[in-house]
Structures are given as structure tokens and as C-alpha cells.
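Take a look at the structure below.
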Amino acid sequence: MALLCQRPALPQQRQFSKEIAYFFDFQAIDGAWLTGFKHVFLVRQPLDVMQSLYRVSQGGGTTYFDAAESGFDELARPHHLVLEHCPSDQVLYLDSDADLMGIPTAP
Numbered sequence: 499m500a501l502l503c504q505r506p507a508l509p510q511q512r513q514f515s516k517e518i519a520y521f522f523d524f525q526a527i528d529g530a531w532l533t534g535f536k537h538v539f540l541v542r543q544p545l546d547v548m549q550s551l552y553r554v555s556q557g558g559g560t561t562y563f564d565a566a567e568s569g570f571d572e573l574a575r576p577h578h579l580v581l582e583h584c585p586s587d588q589v590l591y592l593d594s595d596a597d598l599m600g601i602p603t604a605p
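Each residue of the sequence shown is one higher than the one before, counting from 499 in the numbering used here.
This is the structure we're talking about:
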């Protein structure tokens with residue numbers, strides 16, 4: 499967290515952090531802290547997410563799959579906190595299929 503609180507040295511530099519919703523620490527991260535960042539939420543169709551999770555769970559030596567562990571509920575809490583405290587120009591949504599896979603050869 500200390501590294502994330504540091505600003506990049508030059509204005510054109512960016513720092514990126516990909517967080518997993520399971521590890522979002524609500525006691526250490528408050529709404530005021532979140533306003534210092536721009537937030538990007540990568541979204542997918544829920545059916546695509548579940549099919550992918552199931553497929554991955556069946557390969558690699560295990561057949562364990564629990565739909566309740568999809569992370570949707572865990573992701574909703576930080577998303578609501580960001581929406582509650584951050585202006586809309588600090589929040590961006592990317593559709594993984596349309597925005598990232600739609601033109602895979604884009605520079």
C-alpha cells in the first residue's frame with residue numbers, strides 16, 4: 499500500500515495495480531484514500547466468467563468447482579465504495595470482450 503500511495507515521478511508516468519477483490523482490506527482502505535486514484539473495472543458477461551472458471555477448474559489435476567467462489571459478491575463491495583466516494587471521471591469500465599478482444603491487433 500505504501501508504494502501505491504507514492505505519486506509517479508513524472509506527470510506522464512502511470513502506476514497500475516491489479517487488485518483481487520478477495521484481498522480488499524476495508525479497514526485499511528477508506529473512501530478518502532480511493533479518491534487519489536483513477537479506477538478501472540474490467541467486466542465480462544457473468545455466463546462467460548462462470549464457463550471459464552469451470553473450464554479452468556477441470557484441467558490441471560483437480561475437479562473442484564464451487565460457483566459461490568466466483569467473486570461477484572466480493573467485487574461488489576469495493577465497486578460500491580468507489581462509486582460512493584469517487585467522481586465519475588475517475589471510474590472507467592472496460593468490457594473484456596468488446597474493448598480488449600474486439601481489436602486484438604490494435605497498437
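Virtual Cβ for every residue (Gly too), placed ideally from N, Cα, C.
In this structure, DSSP gives Y552 a helical state, which the three-state scheme calls helix. For H537, DSSP records a beta bridge to V589.
For the pair H577 and F539, the CB atoms are nearer than the 8 Å cut-off. Note that the C-beta distance between V589 and L581 is below 8 Å.
DSSP places A530 in the helix class (H, G or I) of the three-state scheme.
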